[in-house]
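> Structure below; questions to follow.
2 protein chains.
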Amino acid sequence: MKAWEDKIRRVTPYTPGEQPQEPDKVKLNTNENPYPPSPAVKKALDGMDEQLLRLYPDPTASVLTKAIAGYHGVGQDQVFVGVGSDDVIAMAFMTFFSSGKPIFFPDVTYSFYPVWAELFKIPYETKPLGEHFEIRPEDYYDANGGVIFPNPNAPTSRLEKVEVIEDILDHNQDCIVIVDEAYVDFADYSVLPLLDRYENLLVVRTFSKSRSLAGMRIGYAIGSPELIKAMSDIKYSYNSYTINQTSLAAGAASISDETYFRETIERIKATRRRSCERFTELGFRYTEPQANFIFVTHPDLDAGELFKALREAHIYVRYFDAPRTRDYLRVTIGTDAQMDLLFDFLKDYEGRV
Amino acid sequence: MKAWEDKIRRVTPYTPGEQPQEPDKVKLNTNENPYPPSPAVKKALDGMDEQLLRLYPDPTASVLTKAIAGYHGVGQDQVFVGVGSDDVIAMAFMTFFSSGKPIFFPDVTYSFYPVWAELFKIPYETKPLGEHFEIRPEDYYDANGGVIFPNPNAPTSRLEKVEVIEDILDHNQDCIVIVDEAYVDFADYSVLPLLDRYENLLVVRTFSKSRSLAGMRIGYAIGSPELIKAMSDIKYSYNSYTINQTSLAAGAASISDETYFRETIERIKATRRRSCERFTELGFRYTEPQANFIFVTHPDLDAGELFKALREAHIYVRYFDAPRTRDYLRVTIGTDAQMDLLFDFLKDYEGRV
Numbered sequence: 058m059k060a061w062e063d064k065i066r067r068v069t070p071y072t073p074g075e076q077p078q079e080p081d082k083v084k085l086n087t088n089e090n091p092y093p094p095s096p097a098v099k100k101a102l103d104g105m106d107e108q109l110l111r112l113y114p115d116p117t118a119s120v121l122t123k124a125i126a127g128y129h130g131v132g133q134d135q136v137f138v139g140v141g142s143d144d145v146i147a148m149a150f151m152t153f154f155s156s157g158k159p160i161f162f163p164d165v166t167y168s169f170y171p172v173w174a175e176l177f178k179i180p181y182e183t184k185p186l187g188e189h190f191e192i193r194p195e196d197y198y199d200a201n202g203g204v205i206f207p208n209p210n211a212p213t214s215r216l217e218k219v220e221v222i223e224d225i226l227d228h229n230q231d232c233i234v235i236v237d238e239a240y241v242d243f244a245d246y247s248v249l250p251l252l253d254r255y256e257n258l259l260v261v262r263t264f265s266k267s268r269s270l271a272g273m274r275i276g277y278a279i280g281s282p283e284l285i286k287a288m289s290d291i292k293y294s295y296n297s298y299t300i301n302q303t304s305l306a307a308g309a310a311s312i313s314d315e316t317y318f319r320e321t322i323e324r325i326k327a328t329r330r331r332s333c334e335r336f337t338e339l340g341f342r343y344t345e346p347q348a349n350f351i352f353v354t355h356p357d358l359d360a361g362e363l364f365k366a367l368r369e370a371h372i373y374v375r376y377f378d379a380p381r382t383r384d385y386l387r388v389t390i391g392t393d394a395q396m397d398l399l400f401d402f403l404k405d406y407e408g409r410v
Numbered sequence: 058m059k060a061w062e063d064k065i066r067r068v069t070p071y072t073p074g075e076q077p078q079e080p081d082k083v084k085l086n087t088n089e090n091p092y093p094p095s096p097a098v099k100k101a102l103d104g105m106d107e108q109l110l111r112l113y114p115d116p117t118a119s120v121l122t123k124a125i126a127g128y129h130g131v132g133q134d135q136v137f138v139g140v141g142s143d144d145v146i147a148m149a150f151m152t153f154f155s156s157g158k159p160i161f162f163p164d165v166t167y168s169f170y171p172v173w174a175e176l177f178k179i180p181y182e183t184k185p186l187g188e189h190f191e192i193r194p195e196d197y198y199d200a201n202g203g204v205i206f207p208n209p210n211a212p213t214s215r216l217e218k219v220e221v222i223e224d225i226l227d228h229n230q231d232c233i234v235i236v237d238e239a240y241v242d243f244a245d246y247s248v249l250p251l252l253d254r255y256e257n258l259l260v261v262r263t264f265s266k267s268r269s270l271a272g273m274r275i276g277y278a279i280g281s282p283e284l285i286k287a288m289s290d291i292k293y294s295y296n297s298y299t300i301n302q303t304s305l306a307a308g309a310a311s312i313s314d315e316t317y318f319r320e321t322i323e324r325i326k327a328t329r330r331r332s333c334e335r336f337t338e339l340g341f342r343y344t345e346p347q348a349n350f351i352f353v354t355h356p357d358l359d360a361g362e363l364f365k366a367l368r369e370a371h372i373y374v375r376y377f378d379a380p381r382t383r384d385y386l387r388v389t390i391g392t393d394a395q396m397d398l399l400f401d402f403l404k405d406y407e408g409r410v
């Protein structure tokens, strides 16, 4: 061993999702939006003043926080933006989960939560979801250093009842509760209205899914001005200038085109309804999806085998080989044409096995 | 106090540099390049495939690391990219400075080093620069948890001798030594050739200054494959997708236009020479500048008062009100026309005081 090697911090590296390169691939594995962003975004990028590129971007990302605040009807001091919701949640972990007490999150959840906890040396306990992947609020009554869960859940696509979340908030008035609403634009409701009553609630959103801007890396959090100020102080101590000039312009342009946003979501919801019907016809089961993906299982099919067979046919879905998820596949809602290719394959596959 | 407030981590927030808004301002305060980036960058942004915007960017940033590796003649596994060099250095602090021993850096240095050390709870000791702001290598012989310094130094603009840096490396074979070369494209030489002999050396660079891309947030590190892999593992545990599609395209386009890059640097160096002459004529003193800024002092003028007077005239320079720097102003090299406005003001100011 070289003398300097013991100075290096070692982590088990997180493996990012697969980026298949085949031109004929059907990519239903990373919950991207199958439609491009609003034409207003392309227009904003084409019209970028090149003089802006040489200047540091506004560290307060004002043009973007203003647009987001206006869209949600909250104060600009209630909005924090980051390089995707991953950056926003990582900053929230650093800011709010440093008490030394364990934080709580579900056992079936976004796979990055335990990774951040380990990176920032935050102790954590996972709380098992119920039989139908529902949150059991009483699991969150014990003393803890904070709570986080995605809603709709990833990878189950289940939307939790508002009463359940209120119950968790009522029992956790001494810590910060983060609701990760990355997928909520595809769901029936958000918990944003609860912000009026809970100053310790932080809601996280992203432009990656519903706004078709995964490639631009824009996420945000909404919360009380006190929570947002604490996050901003940490962010300014890490990297003052994170949202680049193109992301500022693209994000604001996306917000400006409400019609396109609504239409795209409705198209995906229509494909989701149609896909549910097809999955049912083929004997698959799932909890009602409220995100842009469906978490499906089949009583007669081995999910791991099916995942591999799909992969060989250049149809990419996501498989989580862990005790509670290994009978399931997470399938992103693509275009109708992409879903038809999937269902054609599945029909044929069922006939073969 | 609310019950949840004690769960929030408090830091002394870093205050980002001033972003003046006056249309007639002369902005010489944040070391931005006065010239726009290569036309190839604008072309790359205009030609962005909008389908890319809806897809997650390549987490390995391959198109960019390949371009950087080719430019420097190193392996692609020797390049790490981040959201500006601030992101790169923050990741390096997390990865390499976690031994618990104090890290060493100069007392007059980039003001973010102590901020990151505090954020990541890394103990540190500052080592006073000599009378002419030179590094005294013997200060770095004691056991430590790592070493970092900027070269050329910020804010002094002084370039350290290669022998001094080799001496520090020779005496620190049990830790990682980071040389922050944010400004080195404006200097006479780089320490990159030392990489062949020192596997524990990490060199950090940025596209913000010499490539006129502060607005796009692109920084990188070059080092041995082992150092780069360790940083990448930490990065993937923090946020897999940080460099967005437009930054990937803009960065690669910038590298492709070597001629423009060289010409722009020569223009700035010519203005720097001319500015040095003018400063000398006006009685200012400075160490030989090797970055795109000059750190000037005047025996008869109060630097703090001059800073305020300049500010009132909408000429923005940087003033660091600390014991060793409060007699100095850091002046970014702008265009010849901008510098003329500065010198016209200074000539008049000297006549008045």
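Heads up: the sequence lines are chains A and B, in that order. Under our numbering, think of the first position of the first sequence as 58, with each following residue one higher. Under our numbering, think of the first position of the second sequence as 58, with each following residue one higher. Quick reminder that beta carbons are idealized off the backbone N, C-alpha and C, glycines included.
For the segment 281-295 of chain B and the segment 138-155 of chain B, state whether three or more C-beta atom pairs, one from each stretch, are separated by less than 8 Å.
Output reads yes: the segment 138-155 of chain B touches the segment 281-295 of chain B.
> Flag this pair as yes or no: are the beta carbons of isoleucine 279 of chain B and leucine 305 of chain B separated by less than 8 Å?
Cβ distance not < 8 Å, so isoleucine 279 of chain B and leucine 305 of chain B don't count as in contact.
> Spell out whether any CB of chain B is found under 8 Å from the CB atom of glutamine 135 of chain A.
Chain B contact via Cβ: absent.
> Residues in its own chain within less than 6 Å of valine 68 of chain B by CB, not counting five upstream and five downstream?
Cβ within range, chain order: n/a, list empty.
> Compare the Cα-Cα distances from glycine 272 of chain A to each of A:Phe377, A:Thr87, A:Asp106, A:Val260 and report the closest residue.
The shortest C-alpha separation from glycine 272 of chain A is found at A:Thr87.
> By Cβ distance below 7 Å, which residues in the same chain neighbour phenylalanine 190 of chain A in space, the five residues on each side in sequence not counted?
Same-chain partners within the cutoff: Val165, Asn210, Thr213, Arg215, Thr344.
> Identify whether glycine 280 of chain A lies in helix, strand or coil by the three-state DSSP scheme.
Glycine 280 of chain A falls in the coil class under three-state DSSP.
> Taking only beta carbons into account, state which residues of the segment 278-302 of chain B come closer than 7 Å to chain A, listed in chain order.
Within the segment 278-302 of chain B, the residues whose Cβ lies closer than 7 Å to some Cβ of chain A are Ala287, Asp290, Ile291, Tyr293, Ser294, Tyr295, Asn296, Ser297, Tyr298, Thr299, Asn301, Gln302, listed in chain order.
> Is isoleucine 205 of chain B helix, strand or coil by DSSP?
Isoleucine 205 of chain B falls in the strand class under three-state DSSP.
> Do you know how far the Cα of arginine 268 of chain B is from the Cα of lysine 99 of chain B?
C-alpha separation (whole angstroms): 13 Å.
> Find out if the Cβ-Cβ distance for the pair isoleucine 275 of chain B, glycine 127 of chain B is shorter than 8 Å.
Not closer than 8 Å, so no.
> Residue ranges of each beta strand (DSSP E) run of no fewer than 3 residues wholly in the segment 343-389 of chain B, ordered along the chain?
As far as the segment 343-389 of chain B is concerned, its whole beta strand (DSSP E) runs of at least 3 residues are 350-354, 385-389.
> Hey, does proline 94 of chain A have any beta-carbon neighbour from chain B nearer than 8 Å?
Chain B contact via Cβ: present.
> In terms of residues, what are the limits of the beta strand (DSSP E) holding aspartate 237 of chain A?
234-237 is the span of the beta strand (DSSP E), which, as asked, contains aspartate 237 of chain A.
> For chain A, find out if any of its Cβ atoms is closer than 8 Å to the Cβ of glutamate 323 of chain B; answer yes or no.
It does not; no Cβ of chain A falls within 8 Å.
> Under a CB-based cut-off of 8 Å, is methionine 151 of chain A close to chain B?
Taking Cβ atoms only, chain B reaches closer than 8 Å to methionine 151 of chain A, which makes this a yes.
> Residues in the same chain with beta-carbon distance under 7 Å from glutamate 79 of chain A, minus the five sequence neighbours each way, listed in chain order, please.
Hits under 7 Å: His371.
> Taking C-beta to C-beta, are alanine 366 of chain A and arginine 383 of chain A nearer than 8 Å?
Going by C-beta atoms, alanine 366 of chain A is not nearer than 8 Å to arginine 383 of chain A.
> Name the two residues that bound the continuous beta strand (DSSP E) containing proline 163 of chain A.
Here the beta strand (DSSP E) through proline 163 of chain A covers 160-163.
> Name the chain A residues that come within less than 7 Å of tyrosine 113 of chain B, Cβ to Cβ?
Chain A residues near tyrosine 113 of chain B: Thr87, Glu89, Ala271, Gly272.
> Using CA coordinates, which residue listed in A:Phe318, A:Tyr373, A:Asn201 is at the minimum distance from arginine 387 of chain A?
Considering only alpha carbons, the answer is A:Tyr373.
> Under 8 Å between the Cβ atoms of glutamine 395 of chain B and proline 116 of chain B?
Contact flag unset, no.
> Is it right to say arginine 111 of chain B is buried, meaning 16 or more other beta carbons lie within 10 angstroms of its own, or is it exposed?
Its Cβ being crowded by 16 or more others within 10 Å, arginine 111 of chain B is buried.
> Can we count glutamate 188 of chain A as close to the ligand MG, meaning its CB is less than 7 Å from some heavy atom?
This structure simply doesn't include the ligand MG, nor any ligand for that matter.
> By the three-class DSSP mapping on this structure, what secondary structure does lysine 443 of chain B have?
Only positions 58 to 410 of chain B appear in the structure, and residue 443 of chain B is not among them; the question remains open.
> Out of curiosity, what's the CA-to-CA distance linking glutamate 323 of chain A and phenylalanine 243 of chain A?
Using only the alpha carbons, I get a separation of about 8 Å.
> Suppose you measure from the CA of aspartate 224 of chain B to the CA of leucine 258 of chain B; what does that come to, to the nearest Å?
Roughly 13 Å between the two C-alpha positions.
> Quick one: any contact between the segment 155-163 of chain B and the segment 193-206 of chain B, if contact means 3 or more CB pairs under 8 Å?
These segments touch.
> Give me the chain B residues within the contact set of aspartate 253 of chain A, using Cβ-Cβ distance strictly less than 7 Å, ordered along the chain.
Within chain B, no residue comes near aspartate 253 of chain A; the closest Cβ sits about 16 Å away, beyond 7 Å.
> On a CA-only basis, which of A:Asp227, A:Ser95, A:Arg368, A:Asn208 is nearest leucine 270 of chain A? Give me that one, please.
Nearest option by C-alpha distance: A:Ser95.
> Could you check the C-alpha separation between tyrosine 385 of chain B and tyrosine 376 of chain B for me, to the nearest Å?
Their backbone Cα atoms lie some 7 Å apart in a straight line.
> In the DSSP assignment, what residue or residues form a beta bridge with serine 262 of chain B?
A quick correction: the sequence has arginine, not serine, at residue 262 of chain B. Arginine 262 of chain B is bridged to B:Tyr277.
> Nearest CA to the CA of glutamate 256 of chain A: which residue from A:Phe350, A:Ile235, A:Phe206?
Ranking A:Phe350, A:Ile235, A:Phe206 by Cα distance to glutamate 256 of chain A puts A:Ile235 first.
> Grab the span of the alpha helix (DSSP H) containing glycine 104 of chain A for me, first residue to last.
Glycine 104 of chain A -> no alpha helix (DSSP H), and no H or E assigned at all.
> Helix, strand or coil: how does DSSP classify threonine 392 of chain A here?
In the structure shown, threonine 392 of chain A sits in coil (DSSP, three-state: anything other than H, G, I, E or B).
> Hey, could you find the ends of the alpha helix (DSSP H) lysine 326 of chain B is sitting in?
First-last of the alpha helix (DSSP H) with lysine 326 of chain B: 315-338.
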